[in-house]
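Chemist: The sequence shown: position 155 = 139 (my numbering), numbered continuously.
Backbone N, C-alpha and C define an ideal beta-carbon position, used for all residues, glycine too.
Below you will find the structure I want to go over with you.
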Amino acid sequence: MTIWLITGCSTGLGRALATAVLAHGDRAVVTARDVDSVRDITGPFAETALALPLDVTDDAQVAAAVAAAEERFGGIDVLVNNAGYGYRAAVEEGEEPAVRQLFDTQLFGTVRTIKAVLPGMRERRSGTIVNLSSIGARLSPEGSGYYSAVKARSRH
């Protein structure tokens, strides 16, 4: 049974992946900034699912989520960095606080979660990290420069 930690499960791909992983019989730590938004996913899987609040911009929450996952399931086999959102603005019009928040979530949030799971994966000499990206990493439509820049980080 594989143990997954998936960030950003309140909607979209993260939600669909968490649902599929649990239906497949694996264990999953299902996270979202608003943990109540994922309880409907984890409810039917009380033995194999753990719903946790997780804001990937918060070092303490990242550390707590990884610690809770390791305590409950004995480790993490797969980390899926999915948390993120879009921000549309022309480069010259982008507001610096919003751009910083975008990068803190989608770049540094990814780094935080990787750094938190790596010690356990190295100790077990096993683990997979999946960083989700977007077509926006290759093609940047008008008004998407910042989004495309932050998504391009996931390609390497």
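Beta-carbon within less than 8 Å of Thr32's beta-carbon, same chain only, minus the 5 sequence neighbours each way: which residues are those?
Modeler: Cβ within range, chain order: Met(-15), Leu6, Gly9, Asp10, Arg11 and Ala12.
Chemist: Can you tell me whether Arg(-1) is buried or exposed? The criterion is at least 16 other CB atoms within 10 Å of its CB, across all chains shown.
Modeler: buried
Chemist: Quick check: the Cα distance between Met105 and Glu80, rounded to an integer number of angstroms?
Modeler: 36 Å
Chemist: Pick out whichever of Val95, Ser(-6) and Glu107 has its Cα sitting closest to the Cα of Asn65.
Modeler: Nearest Cα to Asn65 within the set Val95, Ser(-6) and Glu107: Val95.
Chemist: Compare the Cα-Cα distances from Thr41 to each of Ala16, Tyr131, Leu116 and Trp(-12) and report the closest residue.
Modeler: Ala16
Chemist: With the cut-off set at 9 Å, would you say Ala73 and Gly127 are in Cβ contact?
Modeler: yes
Chemist: Identify the residues that DSSP records as bridge partners of Ile113: which are they?
Modeler: Leu63
Chemist: Could you tell me which residues DSSP pairs with Val14 in its beta bridges?
Modeler: Ile(-10) and Ala35
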